[in-house]
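Taking our numbering, the leading residue of the sequence shown gets 2, the next gets one more, and so forth. Reading through the structure tokens given below for one structure.
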Amino acid sequence: MILQPDEIERESMRIINDVIGDFLCPPENLPVIKRVIHATADFDFLHNLTFSPNAVNIAREAILSGTPIITDTLMLEAGISKRYGVKIVCHVADDDVKAEAEDRKVTRSIVSMERSVSEYPSAIYAIGNAPTALIRLCELICDGRADPAFVIGVPVGFVNVIEAKRMLASLTSIPSIIAHDKKGGTTVACAIINAILYGLE
2 MILQPDEIER ESMRIINDVI GDFLCPPENL PVIKRVIHAT ADFDFLHNLT
52 FSPNAVNIAR EAILSGTPII TDTLMLEAGI SKRYGVKIVC HVADDDVKAE
102 AEDRKVTRSI VSMERSVSEY PSAIYAIGNA PTALIRLCEL ICDGRADPAF
152 VIGVPVGFVN VIEAKRMLAS LTSIPSIIAH DKKGGTTVAC AIINAILYGL
202 E
């Protein structure tokens, strides 16, 4: 039997609910966790994601006040729901960002974060791919050049990933959601943002 998209999602969520049972967490966090599991089919995220106090509500308040969302990849920019009118910015593919990165011999993600912080120091930052982007953002926060309203720190990989997430976790004044260890990715970041947005309805 071929199911329609909405039927597939309902059945997927039913399966997720059956597996996680009465998982205890702040009620506003649970839809985010479920959406990430739905996007990844990975139940490790039940315990892998950490939320700073009141993180989801803080993120929603920032979005409702018109705070833009900065992403580290065009894929994440494309995947965020557009029906809420949120401004989404990604500089990683800008020609001048590419040229500067080549000249400085650093990653485009580093230059992209610097450019974004210069324009939107208090934005929401969603980083799902590049640990260098998260590290540079944390450095800019420590230097007093950035004061994000909220940070999603879920880069994936093997090099500098854990270190980047530890840097963010140490910045306890910054509201955040973090996927620990090596797991994460653009799909996870997108699921988190969209779950936060869906909760506005």
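Built from N, CA and C at the ideal position, the CB exists for glycine as well.
Counting other Cβ atoms within 10 Å of its Cβ, R15 stays below 16 and is therefore classed as exposed.
With contacts defined as CB atoms closer than 9 Å, I194 and V152 fail to qualify as a contacting pair. Within the same chain, Cβ atoms closer than 7 Å to the Cβ of G185 are found at G129, V155, P156, V157, the five residues on either side in sequence being excluded. Per DSSP, T51 is one residue of the beta strand (DSSP E) stretching across 50-52. By the criterion of a C-beta distance shorter than 7 Å, E78 is surrounded in its chain by T72, I89, C91, once the five residues flanking it on both sides are discounted.
Selection D95, E120, P122 evaluated against R109 yields D95 as nearest (Cα-Cα). Per DSSP, T72 is one residue of the beta strand (DSSP E) stretching across 70-72.
DSSP lists I71, V152 as the beta-bridge partner residues of Y126. Bridge pairing for V90: I71 [DSSP]. When Cβ pairs closer than 8 Å are counted between the two stretches, the segment 43-57 is seen to touch the segment 9-25, the count reaching three or more. From the listed residues T41, R146, P122, I163, the smallest Cα separation to T133 is found for I163. Scanning its chain for C-beta atoms nearer than 6 Å, with the 5 sequence neighbours on each side dropped, one finds around A60 the residues F151, I197, in chain order. In the displayed model, I179 falls within a strand according to three-state DSSP. Inter-residue distance for K99 and E62 is about 34 Å (C-alpha atoms, whole angstroms).
A direct Cα-Cα distance of roughly 27 Å separates S123 from V160.
In its chain, beyond the 5 residues on either side, P176, S177 have a beta carbon closer than 7 Å to the beta carbon of S53. Judged by DSSP in its simplified three-state form, N18 adopts helix. Straight-line spacing of the CA atoms in A147 and L169 works out to 13 Å.
Taking C-beta atoms under 8 Å as the contact rule, V93 and S119 fail to qualify, at a distance of about 15 Å.
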